[in-house]
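Numbering (the working numbering), first residue to last: 1 to 297.
Ideal placement from N, C-alpha and C gives every residue a C-beta, glycine not left out.
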Ligand SMILES: NC(=O)c1ccc[n+]([C@@H]2O[C@H](COP(=O)([O-])OP(=O)(O)OC[C@H]3O[C@@H](n4cnc5c(N)ncnc54)[C@H](O)[C@@H]3O)[C@@H](O)[C@H]2O)c1
C-alpha cells in the first residue's frame with residue numbers, strides 16, 4: 001500500500017527551484033517548460049541581452065499558446081511569475097533542486113561552469129547538461145560528486161518536442177538517473193535512458209538514416225522526394241530523412257557524421273561525397289535556400 005502522507009511530505013523537495021544556465025535557443029525553452037510545470041525558475045545568462053531575449057521568447061511562446069487555445073491564460077501568468085532572471089551563476093543555483101546547463105557546446109566552458117555550480121549549489125541538487133554531442137563522462141571530470149551529474153538532452157523547440165534523452169555517464173549514480181527520468185516526466189516529456197556514447201541514441205540513429213538516404217541519392221536509387229516518401233508513407237515518419245537534413249542544415253549533419261565516424265571508428269558514419277560536395281558549394285538546406293529541396297522562405 002502506498003504511503004500518501006510521506007508522498008505529501010516529500011512534495012516541497014520536488015518543487016525546489018530549477019536553475020537554467022544559458023538563455024539561448026534551448027535554455028529559454030527549458031526554463032519555460034519548468035515554470036509551466038509549476039517550478040520556480042532562476043534563469044541566468046552572462047549576456048544581459050540574451051537573458052532579456054530569452055524571457056521575451058518565453059512570453060511570445062506562451063502568448064502563442066494562449067492564442068491557439070493550448071495554454072490557459074492563468075498558466076501563462078503563473079509561468080511568467082515563476083521565472084526570475086539571475087545576474088550571476090551563484091545567485092541562480094544557490095537554492096536549486098535541479099541545475100540545467102544550456103551554454104554553448106564547448107567542453108572547457110562546460111567543465112568550468114560545473115565546477116562553479118558544484119561550489120555554489122546545494123549538495124543535493126541534481127546537475128544536468130543539455131549537451132547534444134559532448135561526452136557526459138568528460139564534462140564530469142574534475143567534479144567532486146560526479147554521481148549526481150548527468151545529461152538531460154532536450155530537443156528544439158523544447159516546449160513542443162516530447163523527447164528527453166537521460167544520459168548517464170560512467171560515474172552517474174542510480175539515484176541521479178531516476179531523478180532525471182522523474183524530472184523529465186514532471187515536465188510532461190517522454191524520457192529515454194541512454195548510456196553516454198557518441199551521438200547518444202537520437203543522433204546516432206537519425207544520422208545513420210540520413211547518411212544512407214544521401215548515399216541512395218548518390219547512387220541514383222530514387223529522387224529525394226521519393227526516398228523521403230518511402231519513410232513518410234511506408235514507415236510513418238512525420239518527415240523524410242532528406243527533408244529533415246535540409247531543416248537541420250547539411251553542414252551541421254556533416255559535422256556530426258565526421259564526429260561519429262571518428263569516435264565510433266567504422267565506415268557506417270563515413271560522410272558521403274555528395275554531402276561534402278553540397279556543403280562545399282554552400283547548399284546547406286533551408287537556411288541557404290537550397291539543399292535536397294529548394295526553399296523559398
Ligand atoms: N540548438 C539545438 O537545436 C540544440 C538541441 C539540443 C541540445 N543543444 C545543446 O544545448 C546547448 C545550448 O545550445 P543553444 O542552441 O541553446 O545555444 P545558444 O547559442 O542559442 O545559447 C547559448 C547561451 O549560453 C549563453 N552562455 C555563454 N556562456 C555562458 C555561461 N558561462 N553560462 C551560462 N550561459 C552562457 C550565451 O550567452 C547564449 O545565450 C549546447 O550544448 C547545444 O549542443 C542544442
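Note to self: I'd like to confirm the pairing. Which residues does DSSP put opposite residue 151 in its beta bridges?
What the structure shows: The residue labelled residue 151 in the question sits at position 151 within the chain shown. Per DSSP, 129, 167.
Next item on the list: Taking all protein chains shown into account, decide if residue 221 is buried (16 or more other Cβ within 10 angstroms of its Cβ) or exposed.
Entry: The residue labelled residue 221 in the question sits at position 221 within the chain shown. That one is exposed.
Item checked: Length of the line joining the Cα atoms of residue 86 and residue 111 -> One-based indexing of the chain shown puts residue 86 at position 86. One-based indexing of the chain shown puts residue 111 at position 111. The alpha-carbon atoms of residue 86 and residue 111 are separated by roughly 20 Å.
Next item on the list: Give every residue of the same chain whose Cβ lies closer than 6 Å to the Cβ of residue 14, excluding the five residues on either side of it in the sequence, and list them in chain order.
Entry: In the chain shown, counting from the first residue as 1, residue 14 sits at position 14. With a pLDDT of 49 at residue 14, under the threshold of 50, the modelled position of this residue cannot be trusted; read the value that follows with caution. Here the set comprises nothing.
Next item on the list: Tell me where the beta strand (DSSP E) around residue 42 begins and ends.
Entry: Position 42 of the chain shown holds residue 42. DSSP places residue 42 in the uninterrupted beta strand (DSSP E) bounded by 41-44.
Check: Taking just the CA atoms, how far does residue 284 sit from residue 88?
Finding: Position 88 of the chain shown, counted from the first residue, corresponds to residue 88. Position 284 of the chain shown, counted from the first residue, corresponds to residue 284. Approximately 37 Å, taken between the alpha carbons.
Margin query: Against chain D, does residue 107 count as a neighbour if the rule is that its beta carbon must be under 9 Å from one of theirs?
Written below: Note that chain D does not occur in the displayed structure, where there is just one protein chain.
Check: Mapping DSSP to helix, strand and coil, what is residue 291?
Finding: Along the chain shown, read from residue 1 onward, the residue named residue 291 stands at position 291. Looking at residue 291 - three-state DSSP - the assignment turns out to be coil, as it is neither helix nor strand.
Next item on the list: Alpha carbon to alpha carbon, how far is residue 158 from residue 123? Give it in angstroms, no decimals.
Entry: Residue numbering aside, residue 123 sits at position 123 when the chain shown is read from its first letter. Residue numbering aside, residue 158 sits at position 158 when the chain shown is read from its first letter. Rounded to whole angstroms, residue 123 to residue 158 spans 28 Å at the Cα level.
Checklist line | residue 71, enclosing beta strand (DSSP E) - first and last residue | finding: The count along the chain shown starts at 1 and reaches residue 71 at position 71. Here residue 71 belongs to no beta strand (DSSP E), and DSSP marks it neither H nor E.
Margin query: Taking 8 Å as the cut-off, is the beta-carbon of residue 61 closer than that to any non-hydrogen atom of ligand 1?
Written below: Residue numbering aside, residue 61 sits at position 61 when the chain shown is read from its first letter. In terms of side-chain proximity, the C-beta atom of residue 61 is found no nearer than 8 Å to any non-hydrogen atom of ligand 1.
Next item on the list: Enumerate, from N- to C-terminal direction, the unbroken beta strand (DSSP E) stretches of 3 or more residues contained entirely within the segment 186-228.
Entry: Listed in chain order, the complete beta strand (DSSP E) runs (minimum 3 residues) inside the segment 186-228 are 190-195.
Check: What's the gap between the Cα of residue 298 and the Cα of residue 236?
Finding: The requested residue 298 is not part of the displayed model; the chain covers only 1 to 297.
Check: Is residue 198 near residue 260, with beta carbons less than 9 Å apart?
Finding: As a position in the chain shown, residue 198 is number 198, starting the count at 1. As a position in the chain shown, residue 260 is number 260, starting the count at 1. Yes. Within cutoff.
Check: Ends of the alpha helix (DSSP H) at residue 33?
Finding: Here residue 33 is taken as the residue at index 33 of the chain shown, counted from 1. Run containing residue 33: 25-36, per the alpha helix (DSSP H) assignment.
Check: Is it buried or exposed for residue 118, if we count other Cβ within 10 angstroms and need 16 for buried?
Finding: Start at 1 with the first residue of the chain shown, and residue 118 comes out as number 118. The residue in question, residue 118, is buried, as its Cβ has 16 or more Cβ neighbours within 10 Å.
Next item on the list: May I have the straight-line CA-CA distance separating residue 141 from residue 216, to the nearest angstrom?
Entry: Taking the first residue of the chain shown as position 1, residue 141 is located at position 141. Taking the first residue of the chain shown as position 1, residue 216 is located at position 216. Rounded to the nearest angstrom, the two C-alpha atoms are 41 Å apart.
Notebook entry, point to check: Any chance the CB of residue 135 is under 8 Å from a heavy atom of ligand 1?
Noted result: Taking the first residue of the chain shown as 1, we reach residue 135 at position 135. In terms of side-chain proximity, the C-beta atom of residue 135 is found no nearer than 8 Å to any non-hydrogen atom of ligand 1.
Item checked: Assigned exposure category for residue 68 - 16 Cβ within 10 Å defines buried -> Reading the chain shown from its first residue, position 68 is the one you call residue 68. Exposed: under 16 other Cβ atoms inside 10 Å.
Next item on the list: Ignore the nearest five residues each way along the sequence and tell me which others in residue 28's own chain have a CB closer than 6 Å to its CB.
Entry: As a first step, residue 28 must be located in the chain shown, where it is residue number 28. Here residue 28 has 54, 57, 58 as same chain residues with Cβ atoms under 6 Å from its own Cβ, once five neighbours each way along the sequence are excluded.
Next item on the list: Assign residue 180 to one of three DSSP states: helix, strand, or coil.
Entry: Counting from 1 along the chain shown, the entry for residue 180 is found at position 180. When DSSP states are grouped into helix, strand and coil, residue 180 belongs to the helix group.
Notebook entry, point to check: Since residue 207 and residue 191 are thought to touch, with beta carbons under 8 Å apart, how far apart are those beta carbons, to the nearest angstrom?
Noted result: Here the question's residue 207 lines up with position 207 in the chain shown. Here the question's residue 191 lines up with position 191 in the chain shown. Rounded, the Cβ-Cβ distance is 21 Å, inconsistent with contact.
Check: Does the Cβ of residue 284 lie closer than 8 Å to at least one heavy atom of ligand 1?
Finding: In the chain shown, the residue the question calls residue 284 occupies position 284. It does not: the Cβ of residue 284 is nowhere closer than 8 Å to a heavy atom of ligand 1.
Check: In this structure, does DSSP put residue 10 in helix, strand or coil?
Finding: For the purposes of this step, residue 10 is taken as the residue at position 10 of the chain shown. The pLDDT assigned to residue 10 is 42, lower than 50, so where the model puts this residue is not dependable; a value taken from the coordinates is nonetheless given after this. Residue state, collapsed to three classes: helix.
Notebook entry, point to check: According to the Cβ coordinates, are residue 186 and residue 148 closer than 9 Å?
Noted result: Here residue 186 corresponds to residue number 186 of the chain shown, with the count starting at 1. Here residue 148 corresponds to residue number 148 of the chain shown, with the count starting at 1. No; because the gap between Cβ atoms is not below 9 Å, this pair is not in contact.
Check: Who are the Cβ neighbours of residue 194 in its own chain at under 6 Å, not counting the five residues just before and after it?
Finding: Position 194 of the chain shown, counted from the first residue, corresponds to residue 194. Only residues of its own chain outside the window of five on either side were considered, and among them 165, 167, 200, 201 have a CB closer than 6 Å to the CB of residue 194, listed in chain order.
Note to self: Suppose you measure from the CA of residue 262 to the CA of residue 37; what does that come to, to the nearest Å?
What the structure shows: Here residue 262 refers to the residue found at position 262 of the chain shown. Here residue 37 refers to the residue found at position 37 of the chain shown. Rounded to whole angstroms, the separation of the alpha carbons of residue 37 and residue 262 is 39 Å.
Next item on the list: Would you mind reading off the limits of the alpha helix (DSSP H) that contains residue 52?
Entry: Walking along the chain shown from the start, residue 52 turns up at place 52. Going by DSSP, residue 52 is part of the alpha helix (DSSP H) stretching over 48-67.
Notebook entry, point to check: Would you call the segment 243-258 and the segment 270-286 in contact, with 3 or more CB pairs under 8 Å?
Noted result: Flag = yes, the segment 243-258 and the segment 270-286 touch.
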